[in-house]
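Asker:
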Amino acid sequence: MKAVTWHGTADVRVEEVPDPFVQEPTDAVIRVTTTNICGSDLHLYDPLSPFMGKGDVLGHEAMGQVVEVGSQTGDLRVGDRVSIPFQISCGHCWMCQRQLYTQCETTQVRDQGMGAALFGFSKLYGEVPGGQAEYLRVPQAQFTHVLLPEGPPDDRFAYLSDILPTAWQGVEYAAVPEGGTLVVLGLGPIGDFACRIAKHKGFRVIGVDLVTERLMRARLRGVEVVDLREHESDLGDALRDMTDGRGPDSVLDAVGMEAHGSPLAGFVQKAAGLLPKALSAPVMKEAGVDRLSALYSAIDIVRRGGTISVSGVYAGAADPMPLSVMFDKQVQLRMGQANIKKWVPEIMPLLGDDDPLGVDSFATHRLPLSEAPDAYAKFQQKADGYVKVQLKPEL
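Taking this note's numbering, the leading residue of the sequence shown gets 125, the next gets one more, and so forth.
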């Protein structure tokens, strides 16, 4: 089959790899009909490259049709239409019973000290082949799937595997009070959906970004926007001016370690990536630094007694945190990978034909799988209006 594979920093290719097959009784195989490029895939494209292996199949946002099942996959049947959550979870362990699916004790990657295994996301998370491919093997398939109705186009459900529940959890974790204000830092796919969800819930929403197309998309959905290019040195003051001098009740960091404007951290990440992997991976894992501009901004922006929700990915272990400021401001901080299936029952009623979240038109680009290398490059460069990319194996 054809798949998108990693071969080095900023080097992904589409090549032939062996077809997946059922290896365990709890496995299934799906024929992928739509798969997406996620913003966190760009972390593998560059800063997290020390944890990648040549030929690793990328992608963790896939949906399609079941073509093979093991003997212990519950009610899952050949022919079922499914979305595949990005984390692999059993559904019955102590953590899963508490809906902490990203901490599944059956699939935890213990040799790396990490939580549940993820599709297509490096040695840190189990090096499981991902879904940017024609077919995908799904471990723990008795639980690691969301059954979908037939009929509506793939766009309706293409984001259930990650970014829509991730944005939903981000808004929930932000704990915006009734009548309150949420600032969303970063209007990429997750930040964009977070704005739509928060507006749907009736909150005042202010989105911050520096990409014209992203700001325009948010503005068209009724979101107040702030262009970071105009307020890079006074963002906190600008947002306090918009919120009675106090700052917003909640801030959602949808940027993570790719925050704009941290040359030192960027240099350290790139320098680590130039080391042999036996050296660079420990350096990144134990002594790495992140680009913390967005998180520092969130701490400055949020009002006293407010809440910060972190959906953006961070990976460093030696980052200085302004704990005295956070303590003095009585800031609450919540973060983590999204527990996808926890939020699906709340999201599914919004995926009807009335489409209040605009999922049907959310993608900016729909491309054949063969164009993935060019799509990765343009998405990373924020070029040509790339905000959300769907890849179609059958185009």
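All C-beta atoms, glycine included, are put in the ideal place defined by N, C-alpha and C.
From this set, 249, 135 and 151, which residue's C-alpha is nearest residue 166's C-alpha?
Answerer: Within the sequence shown, numbered from 1, the residue matching residue 166 stands at position 42. The shortest Cα separation from residue 166 among 249, 135 and 151 belongs to 135.
Asker: Could you please give the first and the last residue of the uninterrupted alpha helix (DSSP H) stretch that includes residue 295?
Answerer: As a first step, residue 295 is located in the sequence shown; it is residue number 171 there, counting from the start. It spans 287-298 - the alpha helix (DSSP H) in which residue 295 sits, taken as one unbroken run.
Asker: Please say whether residue 455 and residue 425 have beta carbons closer to each other than 8 Å?
Answerer: Along the sequence shown, read from residue 1 onward, the residue named residue 425 stands at position 301. Along the sequence shown, read from residue 1 onward, the residue named residue 455 stands at position 331. No. Outside cutoff.
Asker: Give the single residue among 220, 139, 253 and 264 whose Cα lies nearest to the Cα of residue 176.
Answerer: Within the sequence shown, the letter at position 52 stands for residue 176. For residue 176, the nearest C-alpha among the options comes from 253.
Asker: Thinking C-beta only, is residue 169 closer than 8 Å to residue 500?
Answerer: For the purposes of this step, residue 500 is identified with residue 376 of the sequence shown, where counting begins at 1. For the purposes of this step, residue 169 is identified with residue 45 of the sequence shown, where counting begins at 1. Result yes, Cβ atoms of residue 500 and residue 169 sit closer than 8 Å.
Asker: As a quick exercise: from 261, 283 and 295, pick the residue whose alpha carbon is nearest that of residue 460.
Answerer: As a first step, residue 460 must be located in the sequence shown, where it is residue number 336. Comparing Cα-Cα distances from residue 460 to each of 261, 283 and 295, the minimum goes to 295.
Asker: Return the CA-CA distance between residue 147 and residue 195, expressed in angstroms with no decimal places.
Answerer: Against the sequence shown, residue 147 aligns to sequence position 23. Against the sequence shown, residue 195 aligns to sequence position 71. For residue 147 and residue 195, the distance between alpha carbons rounds to 11 Å.
Asker: For residue 212, list the residues DSSP reports as bridge partners.
Answerer: Taking the first residue of the sequence shown as 1, we reach residue 212 at position 88. None; residue 212 has no bridge partner.
Asker: Per the contact definition of three or more C-beta pairs closer than 8 Å, is the stretch 180-188 in contact with the stretch 125-135?
Answerer: At 8 Å Cβ cutoff, the stretches touch.
Asker: State the beta-bridge partners of residue 160 as determined by DSSP.
Answerer: One-based indexing of the sequence shown puts residue 160 at position 36. Paired residue(s): 514.
Asker: Which ranges does the alpha helix (DSSP H) cover as unbroken runs of at least 4 residues, wholly within the stretch 301-346, from first to last along the chain?
Answerer: Listed in chain order, the complete alpha helix (DSSP H) runs (minimum 4 residues) inside the stretch 301-346 are 313-324 and 336-344.
Asker: Helix, strand or coil: how does DSSP classify residue 492 here?
Answerer: Indexing the sequence shown from 1 puts residue 492 at position 368. It is a strand residue.
Asker: Which residues mark the beginning and the end of the beta strand (DSSP E) in which residue 131 is found?
Answerer: Sequence index remark: in the sequence shown, residue 131 carries index 7 (1-based). From DSSP, the beta strand (DSSP E) with residue 131 extends over 126-132.
Asker: Which residues mark the beginning and the end of the alpha helix (DSSP H) in which residue 189 is found?
Answerer: Mapped onto the sequence shown, residue 189 falls at position 65. Where residue 189 is concerned, there is no enclosing alpha helix (DSSP H), although the beta strand (DSSP E) it sits in stretches over 186-193.
Asker: With H, G and I counted as helix, E and B as strand and the rest as coil, what does DSSP make of residue 431?
Answerer: Stepping through the sequence shown from its first residue, residue 431 is reached at position 307. Strand, per DSSP.
Asker: Given this structure, state the Cα-to-Cα distance separating residue 163 from residue 299, to the nearest angstrom.
Answerer: Position 39 of the sequence shown, counted from the start, is the residue given in the question as residue 163. Position 175 of the sequence shown, counted from the start, is the residue given in the question as residue 299. Cα to Cα, residue 163 sits roughly 24 Å from residue 299.
Asker: Measuring straight from C-alpha to C-alpha, what distance separates residue 173 and residue 261?
Answerer: Locating residue 173 in the sequence shown gives position 49, where the first residue counts as 1. Locating residue 261 in the sequence shown gives position 137, where the first residue counts as 1. Going from the Cα of residue 173 to the Cα of residue 261 covers about 23 Å.
Asker: Tell me the rounded alpha-carbon separation between residue 273 and residue 232.
Answerer: Taking the first residue of the sequence shown as 1, we reach residue 273 at position 149. Taking the first residue of the sequence shown as 1, we reach residue 232 at position 108. Going by the C-alpha atoms only, they are around 31 Å apart.
Asker: Mapping the DSSP letters down to three states, classify residue 366 as helix, strand or coil.
Answerer: Within the sequence shown, numbered from 1, the residue matching residue 366 stands at position 242. Coil.
Asker: Considering only DSSP beta bridges, list what residue 271 is partnered with.
Answerer: Residue mapping note: residue 271 aligns to position 147 of the sequence shown, counting from 1. Answer by DSSP bridge pairing, in chain order: 206.
Asker: By a C-beta neighbour count over all protein chains shown, 10 Å radius and 16 as the cutoff for buried, is residue 507 buried or exposed?
Answerer: Counting from one through the sequence shown, the residue named residue 507 turns up at place 383. Label assigned to residue 507: exposed.
Asker: Run through DSSP, which three-state label would residue 552 get?
Answerer: The structure shown does not extend to residue 552, since the chain spans only 125 to 519, so no value can be given for it.
Asker: Sorted by chain position, which residues of the same chain lie with C-beta nearer than 8 Å to residue 157's C-beta, five sequence neighbours on each side aside?
Answerer: Here residue 157 refers to the residue found at position 33 of the sequence shown. For residue 157, where only same-chain residues beyond five positions count, the Cβ hits under 8 Å are 187, 188, 189, 278, 516, 517 and 518.
Asker: Take the Cβ of residue 251 as the centre, count every other Cβ of all protein chains shown within 10 Å, and call the residue buried at 16 or more, exposed below.
Answerer: The residue you call residue 251 lines up with position 127 of the sequence shown. With 16 or more Cβ atoms within 10 Å of its Cβ, residue 251 is classed as buried.
Asker: Report yes if the C-beta distance between residue 332 and residue 323 is below 8 Å; otherwise report no.
Answerer: To locate residue 332, count along the sequence shown from 1; it is residue 208. To locate residue 323, count along the sequence shown from 1; it is residue 199. Not a contact, by the Cβ cut-off of 8 Å.
Asker: Which residue's Cα is closest to the Cα of residue 448: 365, 423, 145 and 208?
Answerer: Looking up residue 448 in the sequence shown gives position 324. Of the candidates 365, 423, 145 and 208, the one whose C-alpha sits nearest the C-alpha of residue 448 is 423.
Asker: Please tell me whether residue 468 and residue 311 are closer than 8 Å, where the distance is taken between their beta carbons.
Answerer: Residue 468 sits at position 344 when you count from the first residue of the sequence shown. Residue 311 sits at position 187 when you count from the first residue of the sequence shown. Against a cut-off of 8 Å, the Cβ pair of residue 311 and residue 468 comes out as no contact.
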